[in-house]
DNA sequence: CACGAAAACATTCAAATCATTCATTTTAAG
DNA sequence: CTTAAAATGAATGATTTGAATGTTTTCGTG
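Chains as they are written, first to last, in the working numbering: chain A, 1 to 301; chain B, 1001 to 1301.
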C-alpha cells in the first residue's frame, strides 16, 4: 500500500508552487522515484517526512492521504490531552484523529505525542473511571479508537529498510496493547526494524523468539503484573538467554515500580517513550558504528 | 518456473496505468512474449528486472510477494487458507495482505473471506500449535498481522452514513479481538453502523452502553468463557435489559457449545460470519421497513 | 466444443508533467 | 537604505501519462 504522489499533488498539499517542489526534489531534499518516462513520483511517507522536518504548513491534508485536520490549528501540545479525553469519551473518532495528526504534521516527535497526549489522556480516563465519571465500556471504546489511530500512524511511517531488529511483547496476562504498540511506532521512527510479537506472551516463547530471530533489542511494555515473583523469575531467565545472543533487554511500563525493578536484570529501563526513543537512538549509533571499529582498534570512552 | 504475467498485473504491481505499461513494452523497455492471439505476456524475472533497473517503488507488492501465483487462480478461495497459514507463520505480511485484498477486490463478500480464509487459517495455526509445530509467539504475531489487515480493510469500507446502530464486544476475560473485529466489518458491510466497544467488557457495563446508546443490535463474539455460570447469568440479565429497549442480542463464537446455548436467552445465534451477515441484512430490512408499515397493518409471518 | 464474461488489444485525445527560461519576491550583507 | 544573491513561481513548447473507445482474444464452465 505504498502510495505515490505527483509533484503537483504534494505542491498543492503544502501550498507551494510546482516549480519549487520539483527543484527541491532535484536538490535531494525529497527523494523521488521516476517513472520509465521520467516523471517524478513521491512516496507519501517521504512527503510526510519532508513536511514534518521542514515545518511546512499542510494546506490540503487530504492530498497526503491524511484525515482532515481541525481548523483550529492546534499545534501546541499542552491542552491536547484534555481535549483528547473529551473527544474519546464522546466517541468522536474524527476529532481524535485530527488532534493526533495535527501534531504529527506539525513535526512533533511521535514519542512526545504518545507521552503527553495519548498516554496522559488514558491516565485521565482512568481517574475519571475511579471517580465514577466514566464507564468501563467508554474506556474500552476509547482504546479501540486509539488503536485505529495508531494503525493509521504506523502506516504513514517510512517502512524500515535494513535497520537493526527489535522484538517486542507484553507478558502473559497483560492485555494492554496500546503501550506496546506505541513503543513499536517510536522504535520505527528511531530507525529500528521493530516487530511487535503481540500481547500476553509466555517468557518461554519470548526466549524462543529471541533465539530464532536474534534481534538487537527485545522490549517489554509492562502495564500489569499478574504474578510478581513469576514475573521476576521469568524476566531474569529471559535476560540470561538474551545476553548470550547480545540482545539488549529494554523494559518499561507503569507496572514497574521501583521495588520490582530492584529485583530485575535488564539492559535499560524507560520511564517514558521519550526515554525509549533516546535509548534506541543511542544504541543504534553504538551498534552500527561499533562493528566497523573492531578491525581498527581505538580507545573507548 | 517461467511464470508469465499480464500487462494489467504488472501495471497494478508498480502502480501505473495499463496504457503506460504497454507503451513501455512496445518501446522495448520490457521484453515480452506474445501469445498466439497477440496478447503480451511478461515473464516474472523480466518484470523484476524492470522494477529493479528503474529503481521503481513497488506499490502493490503482490508481484514480489507471491511470484508463483497466477491472479486468476489466486482468487479462488479454496486454497487460500492454507497459503495464508504459511505466509502468516513466515511473518510475510505483504503476502498475507495480498491474499486478502485479491479476494476482496475480486468481489468476495468479507464474511466469506473471514470464514473461509482468516478464521480457518487461525484454526489451522491452533492445530499446528497443539502438534508443537508452531510457537505461541508465532500465533500472536500472526494475530498482529491479521489485525493490521483488518484495520486496512475497515478503512477501505464506505463509512456508515445513517444506518441502524449495532454495538459489539467480548465478555470479561475474553481477549480474542480478531473475531469481534471481523464481526464489526461484516456488519458495516451489511449497512449497519457497527461500533465495536472493545474486548473484555463486564456485563454491567454492556448494559450501560445499551441504555445510553439504544442500539438496534448488540452482538457478542464469545471465544472464551472464563466462568460458565457467571456468563449464563450475565447474558440472560443483559437480554432482559436489551429486550426492554428493543435491542436484538446476537451471539456467536467458538466457545458457545450447544450445551451452553440451551441455557441462554438471545435473539439470534450465528455459527459463522456468513450467518451474521444474513441475519443483519434481514433484521435491517425488517427494522427499516417495519415502522413505515405500522400505520398500514398487515398480517405477519 | 461452444458460450459468455472478463481481460487485453490498438488507437485516440485531453490532462499532467517535463526541462528550461525569466520576471518577481525574499533574504542577507554592506 | 541599497544592492547583490538566492529563492520563488509563472510561462513556454515538448513529452508522458492515463482514461475512454470499440474490437478481439482468453479461459472457465456447461
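Note that beta-carbon positions come from the ideal geometry of N, C-alpha and C, so glycine has one too.
Query                                                                                                                                                                                   : Result
Between the alpha carbons of residue 202 of chain A and residue 1095 of chain B, how many angstroms are there, rounded?                                                                 : 27 Å
Assuming residue 1260 of chain B contacts residue 1228 of chain B under a Cβ cut-off of 8 Å, what Cβ separation, rounded to an integer in Å, is found between them?                     : 7 Å
Touching or not, the stretch 1146 to 1162 of chain B and the stretch 1081 to 1097 of chain B, by the rule of three or more beta carbon pairs under 8 Å?                                 : yes
Roughly how many whole angstroms lie between the Cα atoms of residue 134 of chain A and residue 1258 of chain B?                                                                        : 36 Å
Alpha carbons only, please: which of B:1245, B:1253, B:1237 and B:1120 is nearest the one belonging to residue 1170 of chain B?                                                         : B:1253
Residues in the same chain with beta-carbon distance under 6 Å from residue 236 of chain A, minus the five sequence neighbours each way, listed in chain order, please.                 : 265
In the structure shown, what three-state DSSP assignment does residue 1221 of chain B receive?                                                                                          : strand
Between the alpha carbons of residue 1287 of chain B and residue 1226 of chain B, how many angstroms are there, rounded?                                                                : 34 Å
List the whole-angstrom C-beta distance separating residue 1197 of chain B from residue 1168 of chain B, where the pair is believed to meet the contact cut-off of C-beta under 8 Å.    : 6 Å
Would you say residue 148 of chain A reaches chain B, if we count a Cβ-Cβ gap shorter than 8 Å as a contact?                                                                            : yes
Starting from the Cα of residue 102 of chain A, find the closest Cα among A:56, A:218 and A:206 and give me that residue.                                                               : A:56
In angstroms, rounded to a whole number, what distance separates the CA positions of residue 1156 of chain B and residue 1143 of chain B?                                               : 20 Å
Would you verify that the beta carbon of residue 301 of chain A is, or is not, closer than 8 Å to some beta carbon of chain B?                                                          : Residue confidence is low: residue 301 of chain A scores 30 on pLDDT, short of 50, so the model does not pin down where it sits. Its coordinate-derived value is still stated next. Residue 301 of chain A does not count as touching chain B.
Is residue 41 of chain A helix, strand or coil when you go by DSSP?                                                                                                                     : strand
Give the residues of chain B in contact with residue 123 of chain A, contact being defined as C-beta atoms less than 9 Å apart.                                                         : Under the 9 Å cutoff, chain B gives no residues; its nearest Cβ is about 18 Å from residue 123 of chain A.
Just to confirm, are residue 182 of chain A and residue 273 of chain A a CB contact at a threshold of 8 Å?                                                                              : yes
Determine, for residue 214 of chain A, whether the minimum Cβ-Cβ distance to residues of chain B falls below 8 Å.                                                                       : no
Starting from the beta carbon of residue 136 of chain A, find every residue of chain B whose beta carbon is closer than 7 Å, and list them in chain order.                              : 1201, 1202 and 1205
Any beta carbon of chain B sitting closer than 8 Å to that of residue 208 of chain A?                                                                                                   : yes
Pick helix, strand or coil for residue 287 of chain A, following the three-state DSSP scheme.                                                                                           : helix
Count the other CB atoms within 10 Å of the CB of residue 223 of chain A; is the residue buried (16 or more) or exposed (fewer)?                                                        : buried
Comparing alpha-carbon positions, which option in A:88, A:114 and A:111 lies nearest residue 141 of chain A?                                                                            : A:88
What first and last residue would you give for the beta strand (DSSP E) that runs through residue 1170 of chain B?                                                                      : 1165 to 1171
Across which residues does DSSP place residue 1034 of chain B in a beta bridge pair?                                                                                                    : B:1040
When you compare the CB positions of residue 145 of chain A and residue 93 of chain A, do they come within less than 8 Å of one another, or not?                                        : yes
Compute the beta-carbon to beta-carbon distance between residue 1004 of chain B and residue 1033 of chain B, rounded to the nearest angstrom, for a pair I have assumed lies under 8 Å. : 7 Å
Tell me whether the beta-carbon of residue 241 of chain A lies closer than 8 Å to the beta-carbon of residue 211 of chain A.                                                            : yes
My output table needs one value for residue 1190 of chain B: the three-state DSSP class, helix, strand or coil.                                                                         : coil
Examine chain A for any beta-carbon lying closer than 8 Å to the beta-carbon of residue 1017 of chain B, and answer yes or no.                                                          : no
Using only CA atoms, which one of B:1219, B:1255 and B:1232 lies nearest to residue 1247 of chain B?                                                                                    : B:1219
Are the beta-carbon atoms of residue 1111 of chain B and residue 1276 of chain B separated by less than 8 Å?                                                                            : yes
Identify the continuous alpha helix (DSSP H) that holds residue 1136 of chain B and give its terminal residues.                                                                         : 1136 to 1156
Is residue 59 of chain A buried or exposed, if buried means 16 or more other CB atoms sit within 10 Å of its CB?                                                                        : exposed
Taking the beta carbon of residue 159 of chain A as the centre, do at least 16 other beta carbons fall within 10 Å, making it buried, or is it exposed?                                 : exposed
When you check each C-beta in the stretch 14 to 40 of chain A against every C-beta of chain B, which residues fall closer than 8 Å?                                                     : 33, 34, 35, 36 and 37
Using a Cβ cut-off of 9 Å, pull out every chain B residue sitting near residue 96 of chain A, in sequence order please.                                                                 : Per Cβ cutoff of 9 Å: no residues; residue 96 of chain A is ~14 Å from chain B at best.
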